[in-house]
Structures are given as C-alpha cells and as structure tokens.
Amino acid sequence: PVYAAAGISEYWIVNLIDDRLEIYRQPEGNIYTSIEIITPPRSISLPQYSDIFAEY
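Counting in the numbering used here, the sequence shown runs from 1 upward without gaps.
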C-alpha cells in the first residue's frame with residue numbers, strides 16, 4: 001500500500017516462499033487495481049522493454 005500511495009506505477013515482488021512473481025500495477029489511492037501472479041515456468045518481459053525476456 002505504501003508504494004501505491006506514493007504513485008509507484010509498477011511494483012514487483014519475487015516471492016521465494018511461494019515460488020511466484022507478483023506484479024502490482026495501476027495504483028489508485030493506496031491500492032493497486034491490477035495484480036498479476038506468475039508461476040514458473042513462464043517467460044516475462046517489462047512493458048517498457050518488450051524485446052527483453054526473463055525466464056521464470
């Protein structure tokens with residue numbers, strides 16, 4: 001919630017305990033309205049760098 005309230009547009013958490021990547025986007029107030037959970041195996045990229053991929 002702190003990052004959303006500060007207007008950080010995208011926030012990633014590498015959750016090693018649950019073996020997943022959590023991507024939070026579109027802050028409104030102190031919450032993110034878009035949450036994407038990624039589990040391996042999957043290929044991901046940053047919207048700003050669509051030609052660069054990471055395997056997760």
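Each residue gets a CB set at the ideal place from its N, CA and C atoms; glycine is no exception.
Annotated three-state conformation of residue 4 is helix, per DSSP. Contact check for residue 54 and residue 44: beta-carbon distance about 6 angstroms, within the 8 angstroms limit, so the pair qualifies. The secondary-structure analysis by DSSP pairs residue 24 across a beta bridge with 11, 35. Distances from the alpha-carbon of residue 11 to those of 3, 18, 17 put 3 closest. In terms of Cβ geometry, residue 25 and residue 35 form a close pair [threshold 9 angstroms].
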